[in-house]
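With our numbering, letter number 248 in the sequence shown gets 249, and the count goes up by one each step, no holes. Quick reminder that beta carbons are idealized off the backbone N, C-alpha and C, glycines included. Note sheet for the following structure.
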Amino acid sequence: MDPLLSGEGDGKAILKLKDAVTPPDHKGCLKPETRRNSSTSNPSSYEDRASVEIVGTDGRHELIYTITETPPVYLLLLFAIQQCLLSIVNPLSKAIIVSEVVCATKDDAIKAQLLSATLLMTGVATFLMSTVGVRLPIFQGPASSYMVPLISLMTLEEWKCPEPFQYWDESANRSVWMANIGNETIYMKDVITDKILKLSGSLMIAGFLHTLIGLTGFVGVIIRYVGPVTVVPTVILVGLEIKTVAVKFSETNWTVAIITAGSALVFSLFLANRKTPIPFWTKKKGFHIFWYPFHQVFSILLCILLGWLISGIMTVFGALSNDPRSKDFFARTDARAHVIHDIDWFIFPYPGMFGMVSFSLGGFISFFVATILSVLDSIGDYNACARTARVPPPPPFAFNRGIAVEGFVSFIGGTLGCCHATSSYGGNIGAMGITRVASRSVFQVAGIIYILFAILGKFGAVFVTIPYSVLGGCNVIIMGIFIGVILSYLQTVDLNSTRNLAIMGISLLLGVMMPLWVSKNPHAFNTGDATLDSSLKMLLTNPSFVGGVFAFLMDNTAPGTLKERGLLHFLKSEEDEVPKAVACDDLKIYRLPFVPDSFRRSRIAKYIPVVHYTGKK
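The structure is reproduced here in structure tokens:
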């Protein structure tokens with residue numbers, strides 16, 4: 002693993018490097034000067050603080066393919082497939098979680114549609130981000146921060162799933178799933194689509210605001226008020242809430258879940274200093290052994306295959322129940338094998354696939370809180386990706402454009418019924434550091450491959466058949482590392498400060514207490530407006546919302562210095578000297594190729610936060 006990075010799966014990459022003290026000028030370029038005692042500087046926004054000392058590297062760390070280089074076609078496909086396989090688990094697990102929330106546990110066709118839509122948005126987001134977004138080789142996928150609002154919904158009475166039963170529909174000559182709600186019997190599919198449409202409308206509005214944050218340059222304002230003291234307890238509460246999903250999947254067979262999670266730890270941690278011998282052939286060397294950290298780069302994929310294999314053996318030898326009403330039935334490899342036969346060869350996700358979207362106020366507010374967390378995570382990933390790719394850090398206009406693209410794709414995801422947004426993945430940045438392939442073309446092709454995955458319905462159906470116990474073990478690792486990496490944000494916070502300890506501790510306690518009280522007293526809210534009552538319950542049963550709001554208010558009202566709050570890392574640099582600054586010409590990689598130089602020099606470009614204004618020459 003590249004020493005600059007940490008993170009796996011959806012875990013966010015943490016940047017460990019020197020920050021230049023020279024802020025960008027009004028053109029988004031760094032001034033070619035060296036300063037000392039930078040703690041006295043007073044940058045005006047978050048964007049003013051980020052720059053990286055670009056230094057020479059020895060031969061061991063030189064890139065094989067730089068950001069602007071394109072490998073030969075056969076290598077290009079190989080590198081792209083590697084990035085796809087590295088992260089395939091995340092879209093799958095997020096789609097399964099969404100299916101649980103919308104009561105589609107037993108509707109494998111809906112699961113396949115949700116997975117197809119998720120894969121499509123993963124591909125579109127990755128392609129757009131590397132092409133017109135921040136224009137770095139960075140992978141985009143379903144955001145983990147959006148899972149908690151979804152899981153919190155499951156505790157509300159109106160979002161609880163009715164018990165489905167099968168009914169023979171003579172007109173269609175097939176069995177269908179039905180459900181009793183009150184005194185009425187309705188199709189289970191109607192229950193599912195109603196929930197999907199409510200979440201979709203809320204996501205579309207959150208995605209629209211996400212886009213505005215990027216287009217208006219509002220990122221700098223957010224970073225001034227939402228620091229580590231707010232982010233850390235909020236994300237820890239995300240992990241405490243995700244336990245319900247991990248347990249639901251793992252309890253189908255704890256043995257398989259433990260083996261799956263344990264093997265991932267062995268591959269990625271205990272064998273981290275080892276490399277896998279791989280037989281290889283070239284014209285120059287002939288057959289020889291190529292040493293590569295295969296087991297570390299593909300640790301999640303390998304643990305899935307191992308868990309799947311063990312589940313298959315247990316299925317063949319009758320160690321798992323074949324009764325659909327039993328929990329361990331879902332640990333069988335053939336529990337949902339029929340979906341491969343039933344699903345169409347091709348699925349074309351399209352806006353309005355599930356119908357006309359509706360809206361949920363509580364869902365929207367919860368999604369918007371997740372949006373803020375997603376923005377902060379992406380900022381760190383953009384910087385980490387730039388350092389790994391050996392390029393200057395993204396200037397403000399590139400940051401803004403990347404955030405805008407994330408929001409736009411999230412909006413489109415709402416129209417498709419994905420029920421979650423997209424965000425950057427730190428694990429793929431780490432893999433890029435290992436392979437030393439930072440080509441932008443690789444990620445553009447990876448995006449196209451994911452789009453093809455989405456269209457091939459049979460392909461998605463194969464992943465739907467993965468045993469739940471295997472998914473449970475994977476979720477333990479993926480979400481555990483995600484939370485662990487977020488905890489590393491505390492390295493910039495003064496942990497000897499009673500102020501910080503009190504804010505974070507009380508935030509965590511309130512985040513656990515309030516949802517528990519609301520779940521035990523569901524009728525405590527009676528404002529006379531059913532919609533308002535539902536929204537209040539939805540928000541107060543969301544641990545990350547309760548704890549995050551309290552931490553945000555306290556962190557911005559209680560007296561404390563920027564250094565004490567951990568914000569000095571973002572707003573100022575404490576380095577004594579930066580011997581080398583980034584020149585304006587080095588920022589060309591972030592420019593949109595179709596925007597003419599004449600427009601970049603115009604006065605209009607000066608007021609567009611997503612365009613590189615170069616000024617008159």
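Residues near residue i in its chain [Cβ-Cβ closer than 7 Å; skip 5 each side]
i      : result
PHE600 : ALA606
SER46  : Residue confidence for SER46 is low, a pLDDT of 36 falling below 50, so the modelled location carries little weight; the figure read from the coordinates is stated next. Correct list, in chain order: GLY221.
VAL596 : VAL612
TYR451 : CYS85, LEU120, THR123, GLY124, THR127
Residue burial classification, residue i (beta-carbon count within 10 angstroms, cutoff 16)
i      : result
MET315 : buried
ALA113 : buried
THR194 : buried
GLY356 : exposed
VAL74  : exposed
THR127 : buried
ALA525 : exposed
GLU34  : Only weak support exists for where GLU34 lies, its pLDDT of 41 falling under 50; the value from the coordinates is given anyway. Result: exposed.
HIS342 : exposed
GLN83  : buried
ALA118 : buried
TYR66  : buried
TYR226 : exposed
HIS289 : exposed
TYR490 : buried
GLU158 : exposed
PHE281 : exposed
SER251 : buried
Beta-carbon contacts of residue i that lie in its chain and below 6 Å, excluding the five residues immediately before and after
i      : result
LEU569 : LEU563
LYS199 : SER359, SER361
ILE478 : ALA262, ALA265
PHE295 : THR277
ARG136 : TYR591
PHE454 : LEU120, PHE460
PHE409 : THR212
Residue i in three-state terms, based on DSSP
i      : result
SER520 : helix
SER640 : Residue 640 cannot be examined here, being either before or after the span of the chain that is shown, 2 to 618.
ALA584 : Low local confidence applies: a pLDDT of 43 at ALA584 is under 50, so the model's placement there is unreliable, with the coordinate-based value given in what follows. Note: ALA584 maps to coil in three-state DSSP.
VAL596 : coil
TRP160 : helix
SER322 : coil
VAL90  : helix
LYS28  : Note that LYS28 has pLDDT 43, beneath the 50 cutoff, so the model's placement of it is unreliable and no number is given.
ASN181 : strand
HIS289 : strand
PRO544 : helix
LEU417 : helix
TYR226 : helix
PRO393 : coil
SER603 : coil
ASP186 : Checking the displayed sequence, the identity of residue 186 turns out to be Thr instead of Asp. Three-state DSSP puts THR186 in a strand.
TYR608 : coil
TYR168 : strand
TYR469 : helix
SER327 : coil
GLY616 : coil
SER535 : helix
SER498 : coil
Delimiting residues of the alpha helix (DSSP H) encompassing residue i
i      : result
TRP255 : 255 to 266
GLU242 : 229 to 251
TRP309 : 300 to 317
TYR147 : TYR147 -> no alpha helix (DSSP H), and no H or E assigned at all.
SER375 : 362 to 389
THR194 : 189 to 216
PHE347 : Segment: none, PHE347 is in no alpha helix (DSSP H) and carries neither H nor E.
ALA462 : 458 to 465
LYS564 : 563 to 566
Same chain, Cβ closer than 8 Å to residue i, five either side skipped, listed in chain order
i      : result
VAL340 : ASP109, ALA110, LYS112, ALA113, ALA462, VAL465, THR466
LYS196 : VAL102, VAL103, CYS104, TRP160
Boundaries (first-last residue) of the beta strand (DSSP E) holding residue i
i      : result
ILE279 : 277 to 283
THR123 : Taken as a continuous stretch (DSSP letters only), THR123 belongs to no beta strand (DSSP E), being part of the alpha helix (DSSP H) at 109 to 132.
THR423 : 423 to 425
Worksheet item: Touching or not, the segment 294 to 314 and the segment 250 to 264, by the rule of three or more beta carbon pairs under 8 Å?
Response: yes
Discussion item. Using 8 Å as the cut-off, can you tell me whether the segment 553 to 560 makes contact with the segment 501 to 513, which would need three or more C-beta pairs spanning the two stretches below that distance?
Written reply: yes
Discussion item. Does the contact criterion of 3 or more C-beta pairs under 8 Å hold for the segment 246 to 259 versus the segment 308 to 323?
Written reply: yes
Item to complete: Could you say if the segment 221 to 234 and the segment 484 to 495 meet the contact criterion of at least three C-beta pairs nearer than 8 Å?
Response: yes
Discussion item. Under 8 Å: do the segment 141 to 155 and the segment 367 to 378 share three or more Cβ pairs, one atom per stretch?
Written reply: yes
Worksheet item: Is there contact here, the segment 320 to 328 with the segment 159 to 166, by at least three beta-carbon pairs under 8 Å?
Response: no
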